[in-house]
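Trainee: Residue numbers (the working numbering): 4 to 457.
Beta carbons are placed, not taken as given, at the ideal position from N, Cα and C, and that holds for glycine.
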């Protein structure tokens with residue numbers, strides 16, 4: 004019965020996702036970027052929250068665990084999602100293998116579509132246009148190639164925390180008083196003189212090179228290769244200042260428009276499109292943070308106060324780096340990012356309080372704490388949805404149908420209708436004042452007589 008209801012739920016969610024995708028395709032680039040950033044924040048936060056009970060061996064309240072169970076699909080672990088282990092015995096080894104193989108399976112149709120179109124382009128070459136540009140067939144294949152790479156990078160982003168946590172859980176074992184050694188994540192698996200477990204350890208070592216090491220390394224190589232285009236050096240001299248300000252734009256805003264128009268780097272826009280030019284490296288740091296909180300800490304004594312305290316310190320340090328960097332290009336996204344850091348810190352802090360209260364035999368109301376955690380995390384998720392939906396409604400409202408506008412208006416119920424003027428830029432000016440200043444500067448004539456030669 005659980006599998007049937009889960010399948011029905013996934014079909015409904017899939018149909019709703021297709022409808023939302025059709026609506027999103029109508030949006031402007033600005034609105035699509037806002038949805039992408041909110042989606043990345045939501046997915047990364049949920050994946051870390053789901054991994055907390057296993058990584059830190061903390062007993063979170065049951066009502067909060069039921070709340071997190073709604074989002075398990077984001078870990079791409081379909082064995083846990085469909086409760087297959089209740090029908091056929093699937094141990095930790097099987098769950099780990101499924102979580103590491105499924106991303107490769109999902110990549111196959113993407114690669115097949117890209118390869119088939121590339122072969123068609125090789126055997127059929129459309130002549131160039133009369134204006135001397137490339138043929139439309141070649142341009143479409145190049146666009147498909149960029150989209151395929153972006154999809155694969157997105158899939159790598161989603162699969163990294165869940166797969167890495169299961170890979171790391173293959174190594175820690177627990178030795179009991181009778182000299183038997185069992186896998187901490189599954190006490191039905193013996194770690195001592197077990198050839199089957201040893202073979203899965205070798206497989207986990209291979210996947211260690213693919214996921215926790217390979218994906219961040221791939222991101223690092225791609226970003227370093229395009230670093231000069233993502234964050235070029237600021238020009239000096241009067242001519243350089245005129246070039247940067249000829250449209251009334253500051254240098255960072257000029258670079259942002261320039262790199263978004265650069266076709267050579269659009270295939271990796273998933274990695275840098277959310278961030279300011281100076282924060283081109285932040286996706287690498289984000290990978291390290293997610294890995295530390297979802298897997299790497301299993302090598303410290305699990306369930307100990309030291310491990311939980313170290314997790315809290317990692318959350319605080321990451322929040323400090325975020326506050327000093329302020330990596331996103333808009334005020335809204337930076338606020339949502341800081342709220343995400345705060346909710347993770349609060350959840351880990353409550354887990355540490357439970358450990359301290361249990362050891363000191365202090366009163367600890369699990370149900371009330373669970374509702375508090377649901378309120379904390381649910382409120383942040385609702386603010387993410389409401390704020391982004393409100394921005395999209397303001398920007399895309401005239402082009403949407405009435406029922407689509409109604410859906411976005413309901414999603415943005417947390418924000419009042421008169422708060423449009425409350426949207427502020429980083430310098431404290433409203434959006435309207437900011438763009439009015441840009442238009443005023445763009446109309447000012449450039450005084451070429453002030454430039455001197457050599």
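1. Measure the alpha-carbon distance for residue 277 versus residue 68 and round it to whole angstroms.
2. Among the residues of its own chain, which have a CB less than 8 Å from the CB of residue 150, if the five just before and after it don't count?
3. CA-CA distance, residue 18 and residue 56?
4. Go ahead and pull the three-state DSSP assignment for residue 185.
5. Out of curiosity, what's the CA-to-CA distance linking residue 52 and residue 70?
6. Considering Cα atoms alone, identify which of 302, 254, 303 and 292 is closest to residue 279.
7. Tell me which same chain residues have a C-beta within less than 6 Å of the C-beta of residue 430, skipping the five on either side of it?
8. Rounding to the nearest angstrom, what Cα-Cα distance links residue 458 and residue 156 in this structure?
9. Counting only runs that start and end within the segment 191 to 232, where is the alpha helix (DSSP H) found for 4 or more residues in a row?
10. Taking Cβ to Cβ, would you say residue 37 is nearer than 8 Å to residue 391?
11. Assuming residue 30 contacts residue 395 (C-beta within less than 8 Å), just tell me the rounded distance between them.
12. Should residue 305 go down as buried or exposed, given a rule of 16 or more other Cβ atoms within 10 Å for buried?
13. Alpha carbon to alpha carbon, how far is residue 181 from residue 378? Give it in angstroms, no decimals.
14. So, do the segment 98 to 116 and the segment 157 to 173 have three or more beta carbon pairs nearer to each other than 8 Å?
15. State the Cα-Cα distance for the pair residue 422 and residue 47, rounded to the nearest angstrom.
16. Indicate whether residue 193 and residue 204 have their beta-carbon atoms separated by less than 8 Å.
17. Give me, in chain order, the residues of the same chain whose beta-carbon lies closer than 6 Å to that of residue 178; leave out the 5 immediate sequence neighbours on both sides.
18. Is the distance from the Cβ of residue 172 to the Cβ of residue 270 below 8 Å?
19. In terms of residue numbering, what span does the beta strand (DSSP E) encompassing residue 178 cover?
20. How many Å lie between residue 169 and residue 326 at the Cα?
21. Between the Cα of residue 62 and the Cα atoms of 383, 206, 312 and 373, which residue gives the shortest distance?
22. I'd like to know if the segment 332 to 347 and the segment 200 to 216 are in contact, where contact means that at least 3 CB-CB pairs between them fall below 8 Å.
23. Given that a residue counts as buried once 16 or more other Cβ atoms are within 10 Å of its Cβ, and exposed if not, what is residue 230?
24. Considering only the beta carbon of each residue, do residue 296 and residue 317 sit closer than 8 Å?
25. Are the Cβ atoms of residue 330 and residue 282 separated by less than 8 Å?
26. Beta-carbon separation of residue 387 and residue 45 under 8 Å?
27. By DSSP's criteria, residue 278 is part of a beta bridge. Which residues make up the other side?
28. Indicate the three-state DSSP secondary structure (helix, strand or coil) for residue 30 in the structure shown.
29. By a C-beta neighbour count over all protein chains shown, 10 Å radius and 16 as the cutoff for buried, is residue 268 buried or exposed?
30. How close, in whole Å, do the beta carbons of residue 191 and residue 94 come, if the pair is a contact with beta carbons under 8 Å?
31. Identify whether residue 94 lies in helix, strand or coil by the three-state DSSP scheme.
32. What does the alpha-carbon distance come out to for the pair residue 116 and residue 264?
33. Could you tell me the distance, in whole angstroms, from the CA atom of residue 212 to the CA atom of residue 393?
34. According to the neighbour-count rule (16 or more other Cβ atoms, all chains shown, within 10 Å of its Cβ), is residue 72 buried or exposed?
35. Among the candidates 389, 102, 234 and 303, whose CA atom is the shortest distance from the CA of residue 256?
Mentor: Working from what's here:
1. The alpha-carbon of residue 277 is positioned some 31 Å away from that of residue 68.
2. There are no such residues.
3. Pairing residue 18 with residue 56, the inter-Cα distance amounts to about 31 Å.
4. Residue 185: strand per DSSP, three-state reduction.
5. Near 11 Å, if we compare the C-alpha coordinates of residue 70 and residue 52.
6. Residue 254 is the option with its Cα nearest to residue 279.
7. Low local confidence applies: a pLDDT of 41 at residue 430 is under 50, so the model's placement there is unreliable, with the coordinate-based value given in what follows. No residues qualify anywhere along the chain.
8. In the structure displayed, the chain extends from 4 to 457; residue 458 sits before or after that span and is not available.
9. Entirely contained in the segment 191 to 232, the alpha helix (DSSP H) runs reaching 4 residues are, in chain order, 198 to 213 and 217 to 228.
10. It is a contact, given that the beta carbons lie within the stated cut-off.
11. Right, the Cβ-Cβ distance comes to about 7 Å (below 8 Å), so this counts as a contact.
12. Answer is buried; the Cβ neighbour count reaches 16.
13. Answer to the nearest angstrom: the Cα atoms are 45 Å apart.
14. Cβ pair count under 8 Å is three or more, so yes.
15. Its pLDDT being 38, under 50, residue 422 is placed unreliably in this model, and the value from its coordinates should be taken loosely. When rounded, the separation of the alpha-carbon atoms in residue 422 and residue 47 is 29 Å.
16. In this structure, residue 193 sits away from residue 204, with a CB-CB distance that is not shorter than 8 Å.
17. For residue 178, where only same-chain residues beyond five positions count, the Cβ hits under 6 Å are 184.
18. No.
19. Unbroken beta strand (DSSP E) run through residue 178: 176 to 178.
20. Straight through space, the alpha carbons of residue 326 and residue 169 are spaced by roughly 31 Å.
21. Closest by C-alpha distance to residue 62, out of 383, 206, 312 and 373, is 373.
22. Touching, no.
23. By the Cβ neighbour-count rule, residue 230 is exposed, with fewer than 16 other Cβ atoms within 10 Å of its own.
24. Judged by their CB atoms, residue 296 and residue 317 are nearer to each other than the 8 Å cut-off.
25. Yes, the pair counts as a contact, with Cβ atoms nearer than the cut-off.
26. Yes, Cβ-Cβ distance for residue 387 and residue 45 is below 8 Å.
27. Residue 278 pairs with 331.
28. In the structure shown, residue 30 sits in coil (DSSP, three-state: anything other than H, G, I, E or B).
29. Buried, by the Cβ-count rule.
30. Between residue 191 and residue 94 the beta-carbon gap is near 6 Å, inside 8 Å, which marks them as a contact.
31. In this structure, residue 94 counts as coil in the three-state DSSP scheme.
32. Going by the C-alpha atoms only, they are around 26 Å apart.
33. Rounded to whole angstroms, the gap between the alpha carbons of residue 212 and residue 393 is 42 Å.
34. With fewer than 16 other Cβ atoms within 10 Å, it is exposed.
35. For the residues 389, 102, 234 and 303, the minimum Cα distance to residue 256 belongs to 234.
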